[in-house]
Amino acid sequence: MCSRIALDVGHIGVSPVLSHMSGCCFDILSSIESQFTASTSDGPSNGKCEMPKFSKALERLQKRFLRKLMALGCMSQDLRWKPDGDVKSVVPFSGRIKMVPTVLFPLPFPAVPFSTSVSFMPRLLRLFDRVSCDVQWLCRELESLRSVDPFMAGLLDICHEVYVSGKRHLHNDIRGYVTRADYLLHVERQQNTPGATCDTGKADYCRICHCDVCLCKLGAVVDSTTVCGSDVSSISDVSGAISMKLVEMNTVSCALAHLSGLVSRAHTDCVETMLCHREPMETMKGMDLISGFRKHHIQNTPLEGIVDTLATAHSHYMKRYCTTTDATAPCVLQVVTEDLGNFFDVYAVADSLFENYGIVVEVATMSELCNWLREGRLFICSSSDSEPHTIGVTDKLHPGKLFLGRPSFNVNENNEVTLTEISVVYYRSCYSPDQMSCDRDSWFVRLLCEYSDAVKFPSVPTQLAGSKRVQMLLCDPATSSKLSDEFTTGLDPSNSEDDLITFRKVNVQQVDPSLRVNDDVVNEAIRNPADFVLKSQSEGGAELFVYDELAAILRDGLMRDRSQLSKYVLMRRIRSPVQRAAFVKNPSEGLFSFTVERSVTEVGIYGCAVFSGNDVLKDECSGYLTRTKNETTAGGGVCSGCAAISSLMFF
Numbered sequence: 032m033c034s035r036i037a038l039d040v041g042h043i044g045v046s047p048v049l050s051h052m053s054g055c056c057f058d059i060l061s062s063i064e065s066q067f068t069a070s071t072s073d074g075p076s077n078g079k080c081e082m083p084k085f086s087k088a089l090e091r092l093q094k095r096f097l098r099k100l101m102a103l104g105c106m107s108q109d110l111r112w113k114p115d116g117d118v119k120s121v122v123p124f125s126g127r128i129k130m131v132p133t134v135l136f137p138l139p140f141p142a143v144p145f146s147t148s149v150s151f152m153p154r155l156l157r158l159f160d161r162v163s164c165d166v167q168w169l170c171r172e173l174e175s176l177r178s179v180d181p182f183m184a185g186l187l188d189i190c191h192e193v194y195v196s197g198k199r200h201l202h203n204d205i206r207g208y209v210t211r212a213d214y215l216l217h218v219e220r221q222q223n224t225p226g227a228t229c230d231t232g233k234a235d236y237c238r239i240c241h242c243d244v245c246l247c248k249l250g251a252v253v254d255s256t257t258v259c260g261s262d263v264s265s266i267s268d269v270s271g272a273i274s275m276k277l278v279e280m281n282t283v284s285c286a287l288a289h290l291s292g293l294v295s296r297a298h299t300d301c302v303e304t305m306l307c308h309r310e311p312m313e314t315m316k317g318m319d320l321i322s323g324f325r326k327h328h329i330q331n332t333p334l335e336g337i338v339d340t341l342a343t344a345h346s347h348y349m350k351r352y353c354t355t356t357d358a359t360a361p362c363v364l365q366v367v368t369e370d371l372g373n374f375f376d377v378y379a380v381a382d383s384l385f386e387n388y389g390i391v392v393e394v395a396t397m398s399e400l401c402n403w404l405r406e407g408r409l410f411i412c413s414s415s416d417s418e419p420h421t422i423g424v425t426d427k428l429h430p431g432k433l434f435l436g437r438p439s440f441n442v443n444e445n446n447e448v449t450l451t452e453i454s455v456v457y458y459r460s461c462y463s464p465d466q467m468s469c470d471r472d473s474w475f476v477r478l479l480c481e482y483s484d485a486v487k488f489p490s491v492p493t494q495l496a497g498s499k500r501v502q503m504l505l506c507d508p509a510t511s512s513k514l515s516d517e518f519t520t521g522l523d524p525s526n527s528e529d530d531l532i533t534f535r536k537v538n539v540q541q542v543d544p545s546l547r548v549n550d551d552v553v554n555e556a557i558r559n560p561a562d563f564v565l566k567s568q569s570e571g572g573a574e575l576f577v578y579d580e581l582a583a584i585l586r587d588g589l590m591r592d593r594s595q596l597s598k599y600v601l602m603r604r605i606r607s608p609v610q611r612a613a614f615v616k617n618p619s620e621g622l623f624s625f626t627v628e629r630s631v632t633e634v635g636i637y638g639c640a641v642f643s644g645n646d647v648l649k650d651e652c653s654g655y656l657t658r659t660k661n662e663t664t665a666g667g668g669v670c671s672g673c674a675a676i677s678s679l680m681f682f
């Protein structure tokens, strides 16, 4: 498997350069914190401070960082912005532009567990490909959700009609994957060891890893007392009790690859500028700080891998289905949300595909596709058809090529359209109930696309495989004997069991709260809701319940109708080490907030692949996404306003 993450674990560790750089950042954070006054509005419980006035040096550093973000185009939408009236197509940039929320410095992170997660990605991709192709098992195991989850019922209906019926055989198709496996560092804090605070009640942090538990021994530090430069007697040593735990495997709309790469570049500039202004020239040269820093803060370019994967799928589609006599080259269809959410990421993919490969991308919302269907501009041409023809929502569908009637540039003809074949359908939408309720024909359009020969990113079976319930089932040892051994792409079938064992190891406990066999876990969650999270099947961080709301849902379900609880997965909370981070946000036009907060960081590993039958046409780990949030925040999404994009400095 190709990996764009050039991380040489054997030569990283806690080097003198890392200790020096991380210590510099630590000192600046401490300096900031010493100038802060505790916020009376937020209180000390959320670990947030606000600074009324910056020092001159810090103000210059922050302005430099903001200028770099602007120059790179690190923009996002105003997450609170809502269009006026009932509109189906929104023109971007109208009062919506904000700086992407981020943190001032890259965050120290242990290289070994990160590298282990990267190494597991190719096996994870093949595992989910195996599950996706086993449509009989998928539909059988998810059938119980049909009565309690209309969205999942819609996906199951499509899977039955297209694949279980035998009209298409997914394993024989060209199968595309743009995925992201999201992890948190999980700490098993030892009993009878100090917690995250000293006797004074003030939080203490390691000077190198910046955590409230010292992780430096993961970087082969022999004497943590002298290297950390902190009073480690007040910091728990968890060097033997920490691991990466999987939050979820995202198989649809894995966003923020573009902005993640830009923030990484901005962090490189910020740290190097800080070092140049802070350090004597003799130190800079003697320690070779700049090149040393770049060994620890590696270039992160996940967008390139995603674009290359889409181009590979397009190329293999053309080899299989197109001829040299075709009038026009196929295009890629990118399906986006109704409000063109995250349009910087969307258009970065479209522009890169055209600039690097000459592939035209049609960006459309589901409502637009439904309108095109009714206007007779969305076609499917099966082998029995002599030419593409208008499709009605009551028509019986058959597999075939997907065509889009695009407006013609021929000025001599009125309303003329040019038929363009669609090679790839890349979904940046259609992963939640509200996105499929935008139009009365949205489910039919999804069915039409699924019937087509176009490479789907993802197919409906793959979207089902990414549901929380399937990931819960894969953690059950009994699942091994139920999955078919027929669909083990690119692997020796004997290794598939090892993949499931590893998958179970990287997960925490997950149960179906509707089953009486899990009553002990459910009752524990009601008593101690802070130790659990409750998830629906929706992607994108929607419907994540914690604390009192979690307990209320479980309690109500047990009292009224426990079968309704089957739509959820109850998951034990992952306990992450806490780091200090300086958040830089743009809450309103012309204003920037700068806060130092106790934070946790979720790390997403992008995995991309194209399979056909048992052949691996492409697979790679294309980069990573880090989202940092206040430790008290439940959700982890940037688009949902919960987190900020960050980058990592490995040790």
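At position 268 of the sequence shown the residue is numbered 299 (my numbering), and the sequence of numbers has no breaks.
Don't be surprised by glycine CBs; every beta carbon is placed ideally from N, CA and C.
From a predicted model like this one, the values you see are computed outputs, not experimental measurements.
For Tyr655, the three-state DSSP class (helix, strand or coil): As a working mapping, residue 655 is identified with position 624 in the sequence shown. Three-state result, Tyr655: strand.
With a cut-off of 8 angstroms on the beta carbons, I'd call Tyr352 and Asp484 a contact; round off their distance for me. As a first step, residue 352 must be located in the sequence shown, where it is residue number 321. As a first step, residue 484 must be located in the sequence shown, where it is residue number 453. Yes, Tyr352 and Asp484 are in contact; Cβ-Cβ is about 6 angstroms, under 8 angstroms.
Pro438 by DSSP, collapsed to three states: which one? Within the sequence shown, numbered from 1, the residue matching residue 438 stands at position 407. Of the three classes helix, strand and coil, the one that applies to Pro438 here is strand, per DSSP.
Whole angstroms are fine: how far does the CA of Ser607 sit from the CA of Ser178? Indexing the sequence shown from 1 puts residue 178 at position 147. Indexing the sequence shown from 1 puts residue 607 at position 576. One C-alpha to the other measures close to 36 angstroms.
To the nearest angstrom, report how far apart Gly638 and His51 are at their CA atoms. On the sequence shown, residue 638 is found 607 positions in, with the first residue counted as 1. On the sequence shown, residue 51 is found 20 positions in, with the first residue counted as 1. Roughly 33 angstroms separates the two Cα atoms.
Close beta carbons around Arg408, own chain, < 7 angstroms, minus the five adjacent residues each side: Walking along the sequence shown from the start, residue 408 turns up at place 377. Closer than 7 angstroms at Cβ, skipping near neighbours: Leu435, Gly436, Val448.
contact_flag[the region 453-468, the region 354-371] where n(CB pairs < 8 angstroms) is 3 or more: yes
Which residues share a DSSP beta bridge with Tyr208? For this step, residue 208 is matched to residue 177 along the sequence shown. Ala640.
Using the beta-carbon count (16 or more within 10 Å), is Glu406 buried or exposed? Residue numbering aside, residue 406 sits at position 375 when the sequence shown is read from its first letter. So Glu406 counts as exposed.
The alpha helix (DSSP H) that contains Thr340, what's its start and end? As a first step, residue 340 must be located in the sequence shown, where it is residue number 309. Here the alpha helix (DSSP H) through Thr340 covers 333-352.
Closest Cα partner of Lys129 within the set Val218, Asn617, Lys316, Gly431: The sequence position of residue 129 within the sequence shown is 98, counting from 1. Of Val218, Asn617, Lys316, Gly431, the residue nearest in Cα terms is Asn617.
Is His298 near Pro137, with beta carbons less than 8 angstroms apart? For the purposes of this step, residue 298 is taken as the residue at position 267 of the sequence shown. For the purposes of this step, residue 137 is taken as the residue at position 106 of the sequence shown. In this structure, Pro137 lies closer than 8 angstroms to His298 by Cβ.
Reference Asp213, options Cys401, Leu287, Cys412, closest by Cα: Counting from 1 along the sequence shown, the entry for residue 213 is found at position 182. If we check each option's Cα against that of Asp213, Leu287 comes out closest.
Take Leu575 and list the residues in its own chain whose beta-carbon comes closer than 7 angstroms to its own, dropping the five residues that flank it on each side. Here residue 575 refers to the residue found at position 544 when the sequence shown is read from its first residue. Result list for Leu575: Val564, Lys566, Ala665, Gly666, in chain order.
Evaluate Thr343 with the Cβ neighbour count: other Cβ atoms within 10 Å of its Cβ, from every protein chain shown; 16 or more gives buried, anything less gives exposed. Here the question's residue 343 lines up with position 312 in the sequence shown. By the neighbour-count criterion, in which a residue is buried when 16 or more other Cβ atoms sit within 10 angstroms of its Cβ, Thr343 is buried.
Please name the residue or residues paired with Gly431 in a DSSP beta bridge. By one-based count along the sequence shown, residue 431 stands at place 400. Bridge partners of Gly431: Ser413, Ser483.
Given Val634 as reference, the closest of Gln494, Gln595, Ile63, Ile605 once Cα atoms are compared: Taking the first residue of the sequence shown as 1, we reach residue 634 at position 603. Nearest to Val634 by alpha-carbon distance, out of Gln494, Gln595, Ile63, Ile605, is Ile605.
Does the Cβ of His217 have 16 or more other Cβ atoms within 10 Å, making it buried, or fewer, making it exposed? Here residue 217 is taken as the residue at index 186 of the sequence shown, counted from 1. Under this definition His217 is a buried residue.
Minimum length 4: unbroken alpha helix (DSSP H) runs contained in the region 291-325: 312-318
Starting from Gly635, follow its DSSP beta bridges and name the residues at the other end. Reading the sequence shown from its first residue, position 604 is the one you call residue 635. For Gly635, which the question treats as bridged, DSSP gives the partners Asp213, Leu656.
By Cβ distance, which residues of its chain are closer than 7 angstroms to Asn281, with the 5 residues on each side in sequence left out? As a working mapping, residue 281 is identified with position 250 in the sequence shown. Correct list, in chain order: Thr210, Arg211, Asp213, Gly497, Glu570.
Under 8 angstroms between C-beta atoms of Asp543 and Ser597: Position 512 of the sequence shown, counting from 1, holds the residue named residue 543. Position 566 of the sequence shown, counting from 1, holds the residue named residue 597. In this structure, Ser597 lies closer than 8 angstroms to Asp543 by Cβ.
Tell me the DSSP secondary structure of Lys513 in three-state form. Counting from 1 along the sequence shown, the entry for residue 513 is found at position 482. Coil, per DSSP.
DSSP-derived helix/strand/coil call for Asn661: Your numbering for residue 661 matches position 630 in the sequence shown. Asn661: strand per DSSP, three-state reduction.
Phe140 and Met590 closer than 8 angstroms at C-beta: In the sequence shown, the residue the question calls residue 140 occupies position 109. In the sequence shown, the residue the question calls residue 590 occupies position 559. Not a contact, by the Cβ cut-off of 8 angstroms.
Taking DSSP's pairing of strands, which residues face Val646 in a bridge? As a first step, residue 646 must be located in the sequence shown, where it is residue number 615. Strictly speaking, residue 646 in this sequence is Asp, with Val absent from that position. DSSP lists Ser643 as partners of Asp646.
If distances are taken between C-alpha atoms only, which option among Ser53, Pro430, Arg547 comes closest to Leu320? For the purposes of this step, residue 320 is identified with residue 289 of the sequence shown, where counting begins at 1. Comparing Cα-Cα distances from Leu320 to each of Ser53, Pro430, Arg547, the minimum goes to Ser53.
Beta-carbon contacts of Leu173 that lie in its chain and below 8 angstroms, excluding the five residues immediately before and after: In the sequence shown, counting from the first residue as 1, residue 173 sits at position 142. Closer than 8 angstroms at the Cβ level, and outside the excluded window around Leu173, lie Met183, Leu187, Leu495, Ser498, Arg500, Val501.
Would Leu103 pass as a contact of Arg296 if the rule is Cβ separation under 8 angstroms? Taking the sequence shown and counting its residues from 1, the one referred to as residue 103 is at position 72. Taking the sequence shown and counting its residues from 1, the one referred to as residue 296 is at position 265. Yes, the pair counts as a contact, with Cβ atoms nearer than the cut-off.
Is the Cβ-Cβ distance between Asn538 and Lys276 less than 8 angstroms? Reading the sequence shown from its first residue, position 507 is the one you call residue 538. Reading the sequence shown from its first residue, position 245 is the one you call residue 276. For Asn538 and Lys276, yes; Cβs fall inside 8 angstroms.
For Thr304, which option in Phe96, Ser527, Thr632, Asp339 has the closest C-alpha, if you only look at C-alpha atoms? Position 273 of the sequence shown holds residue 304. Among Phe96, Ser527, Thr632, Asp339, the Cα nearest to that of Thr304 is on Phe96.
Candidates Val600, Arg586, His202, Lys536: which alpha carbon is nearest Phe151's? Position 120 of the sequence shown holds residue 151. Ranking Val600, Arg586, His202, Lys536 by Cα distance to Phe151 puts Lys536 first.
What are the residues that DSSP puts in a beta bridge with Tyr457? What you label residue 457 is simply residue 426 of the sequence shown in a count that begins at 1. In DSSP, Tyr457 forms a bridge with Gln365, Phe488.
Going by the beta-carbon positions, is the gap between Val600 and Met503 smaller than 8 angstroms? Counting from one through the sequence shown, the residue named residue 600 turns up at place 569. Counting from one through the sequence shown, the residue named residue 503 turns up at place 472. In this structure, Met503 lies closer than 8 angstroms to Val600 by Cβ.
Assuming Val380 contacts Val338 (C-beta within less than 8 angstroms), just tell me the rounded distance between them. Numbered from its first residue, the sequence shown carries residue 380 at position 349. Numbered from its first residue, the sequence shown carries residue 338 at position 307. That belief holds up - the Cβ atoms of Val380 and Val338 are roughly 6 angstroms apart, short of 8 angstroms.
When burial is assigned at 16 or more other CB atoms within 10 Å of the CB, is Val294 buried or exposed? One-based indexing of the sequence shown puts residue 294 at position 263. It counts as buried.
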